[in-house]
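First comes the structure, then the notes that go with it.
Residue numbers (full-length UniProt numbering): 1 to 284.
Right, here's the structure in full:
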């Protein structure tokens, strides 16, 4: 579900979007509008998407457009942090009040990090939103526009959302065509295991656990192992414990296993399992 009428960002973003092909870093007025809009994302006054009271993911299309327009109106610029030199269109984030940033962590301007967030050496892209008390583990990649709730743990090496592509790519929220209209969403209290991959508009519900190495895209079937029922595609429901698996399909050329995600159990409301319990739930 998308909306722009209720967006806190100015309607001028939409006007720029419709004539984006003619924009360049030389257009100072356009750049001022886009920079002001992305500043609102950076401060948390706006966000690319959020979960509504009815449980739908509502996308602020105007905010999404502002992120993409930044790659049209910002020129390449050199910067330096200590001994490290950078050359990019999007500068690094400068406002990290209340956030623990371990050396080696990179957060781009236009991403929002709530108080209490911990960034291990990791990457957070423009338009991402990370909620209060969440931990972004070592070598985690949080892609452009990805929405991470509060008290979420992203374990080492996880990939959550697509990151930008080539310099000047029109749509950094997508790595291919057509552009993704809904970003990855990981809701409050979820746990994403090491080296898991959550991409292509997938969603992980409140308090859910996704096992290490699981691959969840927007089209991945999610299956309840107790009933064999397919619960949907690309969405691990609230408080479910899930891991990667395969389902057998017969094709003209033979039988093959296709990737799916298996729901092994459901947790009680408010319960967050310890390591030993997780091992038992995920590995039997």
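Note that CB positions come from ideal geometry on N, CA and C, so glycine has one too.
Over what stretch of residues does the alpha helix (DSSP H) that includes residue i continue unbroken?
i	result
residue 28	28-43
residue 16	12-18
With DSSP as the reference, label residue i as helix, strand or coil.
i	result
residue 146	coil
residue 271	coil
residue 261	strand
residue 209	strand
residue 247	strand
residue 67	helix
residue 190	coil
residue 279	helix
residue 73	helix
residue 203	strand
residue 50	strand
Report, in whole angstroms, the separation of the C-beta atoms of residue i and residue j, which I expect to be a contact under 8 Å.
i	j	result
residue 119	residue 105	4 Å
residue 281	residue 241	5 Å
residue 195	residue 208	The pair is not a contact, with the Cβ atoms about 17 Å apart (cut-off 8 Å).
residue 67	residue 38	7 Å
Suppose the cutoff is 8 Å on Cβ atoms and the five residues either side in sequence are ignored; what does the same chain contact list for residue i look like?
i	result
residue 81	92
residue 223	229, 230, 231, 245, 247, 260, 261, 262 and 263
Could you pull the start and end residues of the beta strand (DSSP E) that residue i belongs to?
i	result
residue 231	230-233
residue 221	221-224
residue 83	Per DSSP, residue 83 belongs to no beta strand (DSSP E) and is neither H nor E.
residue 59	57-60
Starting from the C-beta of residue i, find all residues in its chain whose C-beta is less than 6 Å away, skip the five residues before and the five after it, and write them out in chain order.
i	result
residue 187	149, 205 and 206
residue 202	184, 216, 217, 218 and 234
Cutting at 7 Å between CB atoms, please list the residues of its own chain near residue i, excluding the five before and the five after it.
i	result
residue 215	197, 244 and 259
residue 304	This structure gives no information on residue 304, because the portion of the chain shown stretches from 1 to 284.
Are there 16 or more other CB atoms within 10 angstroms of the CB of residue i, so buried, or fewer, so exposed?
i	result
residue 21	exposed
residue 256	exposed
residue 275	exposed
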